[in-house]
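Asker: Residue numbering for the sequence shown follows this note's numbering, beginning at 74 and increasing consecutively. Here a beta-carbon is modelled for each residue, glycine too, at the ideal position from N, C-alpha and C. Pasting a structure below so you can have a look.
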Amino acid sequence: MRLYKSELYKLCSRKRFLFGTVGVLTLFLIYFWVQLTSISSMVDGVQAWGYQAVQMDRAITKDWKGTLTDEKVAQIADLYGFPHIIKENYNNFVDFNFLNTLIHKRLSDGYINTWRDYKIATHIIPIADSILGEFAQESGMPVILEYYYGWYVFLEVLTFSILAASIFIIFIVSPIFSEEIHIGTLQLLFTTKEGKGMDIAAKIAAALTVSIGIFAIIVLLDFLLCGVVFGLDGLDCFTGLVLEDWGYGPLASMPIRTYIPIVLISDFIGILLLCAISLFLSAFFSSPYPTVVVNTLCWSAPFILRIFFHKLYLFQYMSPVYMVLHYVHLETDWMGIRQKILIFAFVTTIVLIIASVRRYRIR
Numbered sequence: 074m075r076l077y078k079s080e081l082y083k084l085c086s087r088k089r090f091l092f093g094t095v096g097v098l099t100l101f102l103i104y105f106w107v108q109l110t111s112i113s114s115m116v117d118g119v120q121a122w123g124y125q126a127v128q129m130d131r132a133i134t135k136d137w138k139g140t141l142t143d144e145k146v147a148q149i150a151d152l153y154g155f156p157h158i159i160k161e162n163y164n165n166f167v168d169f170n171f172l173n174t175l176i177h178k179r180l181s182d183g184y185i186n187t188w189r190d191y192k193i194a195t196h197i198i199p200i201a202d203s204i205l206g207e208f209a210q211e212s213g214m215p216v217i218l219e220y221y222y223g224w225y226v227f228l229e230v231l232t233f234s235i236l237a238a239s240i241f242i243i244f245i246v247s248p249i250f251s252e253e254i255h256i257g258t259l260q261l262l263f264t265t266k267e268g269k270g271m272d273i274a275a276k277i278a279a280a281l282t283v284s285i286g287i288f289a290i291i292v293l294l295d296f297l298l299c300g301v302v303f304g305l306d307g308l309d310c311f312t313g314l315v316l317e318d319w320g321y322g323p324l325a326s327m328p329i330r331t332y333i334p335i336v337l338i339s340d341f342i343g344i345l346l347l348c349a350i351s352l353f354l355s356a357f358f359s360s361p362y363p364t365v366v367v368n369t370l371c372w373s374a375p376f377i378l379r380i381f382f383h384k385l386y387l388f389q390y391m392s393p394v395y396m397v398l399h400y401v402h403l404e405t406d407w408m409g410i411r412q413k414i415l416i417f418a419f420v421t422t423i424v425l426i427i428a429s430v431r432r433y434r435i436r
């Protein structure tokens, strides 16, 4: 325990840890603010932005909560009408709110791609003939209408923040072994009364603590902010509806309450895998600088591979950077490889940690 506390203090007391923590949390707050301030809503000719728009949309949706029926859809359309006001260089209707946008996009013959390419809705499509009807048929559940936009923001902010935290972990964990070799204290550490095994175990435990800790803080802050601003409604809404992703299944037809735990589990394993890779590379190299560089290249390489080598998609999905992209789960679920990826990543994490121990012991 003494060695563990010492290694944890060594990691957390350095300036790069402080600057990295502040940087990740700052980016988290900025991105949340960007997501919030980009929201607008118009009700009865009154337009609002940001937090006021969210509260306006939550208020008008409250009266229609529950199972969505064709009768409700018709009443909402009569009350708020179809969006129809276009503004130059603004690729959305101006007079939209949460309710009439949902009907326009998913339950009418209207559409909008850009301010030059759009069609104002003229009639309503029955739910049974829409993608929502397909979701209901596939899942055996009714179409639920609630203010679900907060969960979309939750997942978007979570993905962005975990990506930022991944870079933070690379810079913090990568030097944990290689720095001892670089500054020549490795042999001195191994002569302590606790021995090699305890020293290595303490370093690994400290690295995992920091990685899991920053992940837990991001999830908690994201949940609290989204809960306060957007509320917790919408958990029973279809994942495809919340994410506006209609091309994949069967996960898209499941409630978002099913999707969010899958994302969190995948993010957690992805962070563990990144930490394990960082530990292995740190034990392999004799200096922290090439460790950080190689680790950063390995972390970002799947983006490049996806562009030039499409057939390597399976390995890309198993990488730490892809495991924390929430929308990827719809693709992997559709291909039937989601569970295999999680199992492979977890096993690889254990193997890399064991390999790190063996490598560092013989340095």
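Taking the beta carbon of L261 as the centre, do at least 16 other beta carbons fall within 10 Å, making it buried, or is it exposed?
Answerer: Against the sequence shown, residue 261 aligns to sequence position 188. Legend: pLDDT at L261 = 49, less than 50; position of this residue unreliable, no value from coordinates given.
Asker: Taking only the alpha-carbon atoms, compute the straight-line gap between F419 and I342 and give it to the nearest angstrom.
Answerer: As a first step, residue 419 is located in the sequence shown; it is residue number 346 there, counting from the start. As a first step, residue 342 is located in the sequence shown; it is residue number 269 there, counting from the start. C-alpha separation (whole angstroms): 6 Å.
Asker: Measure the CB-CB distance between D130 and Y221 and report whether it falls below 8 Å.
Answerer: Along the sequence shown, one-based indexing puts residue 130 at 57. Along the sequence shown, one-based indexing puts residue 221 at 148. Taking 8 Å as the Cβ cut-off, D130 and Y221 do not qualify as a contacting pair.
Asker: Pop quiz: S355 and I249 are said to be a contact at Cβ under 8 Å. What is the actual Cβ separation, rounded to whole angstroms?
Answerer: Mapped onto the sequence shown, residue 355 falls at position 282. Mapped onto the sequence shown, residue 249 falls at position 176. That pair is a contact at about 5 Å.
Asker: Using the three-state DSSP reduction, which class does I427 fall into: helix, strand or coil?
Answerer: Position 354 of the sequence shown holds residue 427. Correct three-state label for I427: helix.
Asker: Exposed or buried, what is M74 when buried is set at 16 or more other beta-carbons lying within 10 Å of its beta-carbon?
Answerer: Position 1 of the sequence shown, counted from the first residue, corresponds to residue 74. Result: exposed.
Asker: Between which two residues does the beta strand (DSSP E) carrying M115 extend?
Answerer: Mapped onto the sequence shown, residue 115 falls at position 42. S113 to V116 is the span of the beta strand (DSSP E), which, as asked, contains M115.
Asker: Taking Cβ positions, are S234 and I291 nearer each other than 8 Å?
Answerer: Numbered from 1 along the sequence shown, position 161 holds the residue referred to as residue 234. Numbered from 1 along the sequence shown, position 218 holds the residue referred to as residue 291. Taking 8 Å as the Cβ cut-off, S234 and I291 qualify as a contacting pair.
Asker: Excluding the 5 residues preceding and the 5 following V315 in the sequence, name in chain order all residues of the same chain whose CB lies nearer than 6 Å to its CB.
Answerer: Taking the sequence shown and counting its residues from 1, one reaches residue 315 at position 242. Excluding residues within five positions, the ones whose Cβ falls inside 6 Å are Y221, W224, Y225 and I329.
Asker: If we ignore side chains and look at the alpha-carbon of each, how far apart do D406 and P393 end up?
Answerer: Translated into the one-based positions of the sequence shown, residue 406 becomes position 333. Translated into the one-based positions of the sequence shown, residue 393 becomes position 320. Spanning the two alpha carbons is a distance of roughly 17 Å.
Asker: Select from M115, Q210, R411 and L141 the residue whose C-alpha is nearest the C-alpha of I335.
Answerer: By 1-based counting over the sequence shown, the position of residue 335 is 262. When each option's Cα is compared against that of I335, the closest is R411.
Asker: In the structure shown, what three-state DSSP assignment does T369 receive?
Answerer: For the purposes of this step, residue 369 is identified with residue 296 of the sequence shown, where counting begins at 1. Note: T369 maps to helix in three-state DSSP.
Asker: Between the region 198-206 and the region 115-128, are three or more C-beta pairs nearer than 8 Å?
Answerer: With a cut-off of 8 Å, the region 115-128 and the region 198-206 do not count as touching, because too few Cβ pairs lie within range.
Asker: Over the uninterrupted beta strand (DSSP E) stretch that includes V397, give me the two end residues.
Answerer: As a position in the sequence shown, residue 397 is number 324, starting the count at 1. Taken as a continuous stretch (DSSP letters only), V397 belongs to no beta strand (DSSP E), as it is neither H nor E.
Asker: Does the Cβ-Cβ distance between L297 and H402 come in under 8 Å?
Answerer: Sequence index remark: in the sequence shown, residue 297 carries index 224 (1-based). Sequence index remark: in the sequence shown, residue 402 carries index 329 (1-based). Taking 8 Å as the Cβ cut-off, L297 and H402 do not qualify as a contacting pair.
Asker: With V438 and T232 assumed to form a contact (beta carbons below 8 Å), what rounded beta-carbon distance in angstroms separates them?
Answerer: Because the chain is modelled from 74 through 436, residue 438 falls outside the range shown and cannot be assessed.
Asker: For V97, collect the residues of the same chain with a Cβ closer than 6 Å to its Cβ; drop the 5 residues on either side in sequence, then sort them by chain order.
Answerer: As a working mapping, residue 97 is identified with position 24 in the sequence shown. Excluding residues within five positions, the ones whose Cβ falls inside 6 Å are A237, A238 and F241.
Asker: Along the chain, where does the alpha helix (DSSP H) that runs through Y163 open and close?
Answerer: Position 90 of the sequence shown, counted from the first residue, corresponds to residue 163. Premise fails: Y163 lies in the beta strand (DSSP E), Y163 to F166, not in any alpha helix (DSSP H).
Asker: Give a yes or no on whether the C-beta atoms belonging to V230 and F101 are separated by under 8 Å.
Answerer: Along the sequence shown, read from residue 1 onward, the residue named residue 230 stands at position 157. Along the sequence shown, read from residue 1 onward, the residue named residue 101 stands at position 28. Yes, they are a contact pair.
Asker: Mark D272 as exposed unless 16 or more other C-beta atoms lie within 10 angstroms of its C-beta, in which case mark it buried.
Answerer: Taking the sequence shown and counting its residues from 1, the one referred to as residue 272 is at position 199. Its Cβ being crowded by 16 or more others within 10 Å, D272 is buried.
Asker: DSSP has K160 in a bridge; who is on the other side?
Answerer: The sequence position of residue 160 within the sequence shown is 87, counting from 1. Note: K160 sits in a beta bridge opposite Y163.
Asker: What's the call for Y82, buried or exposed, on a 16-neighbour Cβ count within 10 Å?
Answerer: On the sequence shown, residue 82 is found 9 positions in, with the first residue counted as 1. When all chains shown are included, Y82 counts as exposed.
Asker: On the criterion of 16 or more Cβ atoms from any shown chain inside 10 Å, does N437 qualify as buried, or is it exposed?
Answerer: The shown model of the chain, from 74 to 436, leaves out residue 437, and the question about it has no answer.
Asker: Are the Cβ atoms of C299 and F227 separated by less than 8 Å?
Answerer: As a position in the sequence shown, residue 299 is number 226, starting the count at 1. As a position in the sequence shown, residue 227 is number 154, starting the count at 1. Result yes, Cβ atoms of C299 and F227 sit closer than 8 Å.
Asker: Going along the chain, which residues of its own chain have a beta-carbon closer than 8 Å to the beta-carbon of T140, five neighbours each way excluded?
Answerer: Here residue 140 is taken as the residue at index 67 of the sequence shown, counted from 1. Excluding positions up to five away in sequence, the list reads P215, V216, I217 and L218.
Asker: Hey, how far is the Cα of T264 from the Cα of A374?
Answerer: Here residue 264 refers to the residue found at position 191 of the sequence shown. Here residue 374 refers to the residue found at position 301 of the sequence shown. For T264, the pLDDT reaches just 48, beneath the cut-off of 50, and the residue's location in the model is therefore unreliable, although a value from the coordinates is still provided. Their Cα atoms are separated by approximately 39 Å.
Asker: Taking the C-alpha atoms as reference points, what is the distance between M327 and S181?
Answerer: Along the sequence shown, read from residue 1 onward, the residue named residue 327 stands at position 254. Along the sequence shown, read from residue 1 onward, the residue named residue 181 stands at position 108. Approximately 23 Å, taken between the alpha carbons.
Asker: To which residues does DSSP link K192 through a beta bridge?
Answerer: Walking along the sequence shown from the start, residue 192 turns up at place 119. According to DSSP, K192 bridges with Y184.
Asker: Our contact map puts N173 next to Y191 with C-beta atoms below 8 Å; I'd like the distance itself, whole angstroms only.
Answerer: On the sequence shown, residue 173 is found 100 positions in, with the first residue counted as 1. On the sequence shown, residue 191 is found 118 positions in, with the first residue counted as 1. The pair is not a contact, with the Cβ atoms about 14 Å apart (cut-off 8 Å).
Asker: Leaving aside the five residues before and after K88 along the sequence, list all residues of the same chain whose C-beta is less than 7 Å from its C-beta, in chain order.
Answerer: Residue mapping note: residue 88 aligns to position 15 of the sequence shown, counting from 1. Counting only Cβ-Cβ distances below 7 Å, and skipping sequence neighbours, we find nothing.
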